[in-house]
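Reviewing the structure listed below.
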């Protein structure tokens with residue numbers, strides 16, 4: 012398994028600002044993912060964070076709104092840009108130690124946009 | 773796009789009752805996973821089912837994968853308040869970047885003492 016931490020655990024932000032969420036893993040992993048979980052709902056994959064190259068975004072998510080970095084095999088960031096109240100969600104990082112392996116989830120970042 | 777429909781969305785039962793949660797799709801998945809999520813935490817993997825028709829047991833929880841690998845069920849026997857949480861099924865498929873999960877809508881379970 013893998014131990015995953017996310018910062019911040021929660022934040023309240025003003026409309027129009029941006030927030031960067033960090034995801035740190037205690038071991039090197041092949042795959043890192045970012046998900047969004049809107050209030051009372053299930054998880055939706057935003058993108059796959061690729062080490063050393065641009066992230067792979069799912070339909071409905073774009074790099075300008077959700078820029079992602081992955082500088083190494085243990086760390087990734089997700090930025091929520093130009094926030095609006097509709098961006099209020101829990102943002103979750105997950106990792107898969109190897110391709111095709113089980114995914115392990117971080118505790119999530121609860122974002123509220125006023 | 774692979775979709776997973778999960779039912780029921782909400783379930784409130786008394787301690788000691790049995791329940792079944794269903795996860796259905798028109799797509800075939802290479803495997804299917806069940807997670808439980810508690811407030812303020814990320815989902816925690818309960819089980820992965822891989823073979824069509826497979827049945828796995830985890831104490832009072834029984835997981836079944838359909839013969840065609842398009843559907844799955846989770847049965848809880850004699851539910852306890854500690855079983856309260858959000859249960860999520862997730863189909864395992866592949867995109868260009870590798871393995872990916874498609875989540876069902878979730879079942880929010882409340883077990884009353």
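Residue numbers (our numbering), protein chains in the order written: chain L, 12 to 125; chain P, 773 to 885. All C-beta atoms in this analysis are idealised placements derived from N, C-alpha and C, irrespective of residue type, glycine included. Quantities reported herein were computed from a predicted structural model and do not represent experimental measurements.
Local Cβ density within 10 Å of residue 100 of chain L, reported as buried at 16 or more and exposed below that: buried
Between the stretch 82-98 of chain L and the stretch 784-795 of chain P, are three or more C-beta pairs nearer than 8 angstroms? Of all C-beta pairs linking the stretch 82-98 of chain L to the stretch 784-795 of chain P, fewer than three are shorter than 8 angstroms, placing the two stretches out of contact.
Spatial distance of residue 824 of chain P from residue 32 of chain L (CA atoms): 39 angstroms
Tell me residue 121 of chain L's beta-bridge partners as DSSP assigns them. L:21 and L:101
Residues of chain P with CB under 9 angstroms from residue 118 of chain L, in chain order? Think of a sphere of 9 angstroms around the beta carbon of residue 118 of chain L: the chain P residues whose beta carbon falls inside it are 812, 813 and 814, in chain order.
Pairs of beta-carbons, one from the stretch 87-106 of chain L and one from the stretch 32-50 of chain L, closer than 8 angstroms: are there three or more? yes
Output the boundary residues of the beta strand (DSSP E) element that contains residue 796 of chain P. 791-796
Reference residue 76 of chain L, options L:36, L:16 and L:27, closest by Cα: Nearest option by C-alpha distance: L:27.
Just mark residue 775 of chain P as buried or exposed, buried being the case when its beta carbon has 16 or more other beta carbons within 10 Å. exposed
Could you check which residue in L:88, L:113, L:17 and L:13 has the C-alpha nearest to that of residue 812 of chain P? Here the closest residue by C-alpha is L:17.
Contiguous beta strand (DSSP E) assignments of at least 3 residues, all confined to the stretch 783-840 of chain P: Segments of the beta strand (DSSP E) lying fully in the stretch 783-840 of chain P: 791-796, 803-809, 816-821, 827-830 and 833-837.
Where does residue 96 of chain L sit, in a helix, a strand or coil, going by DSSP? DSSP places residue 96 of chain L in helix when its eight states are reduced to three.
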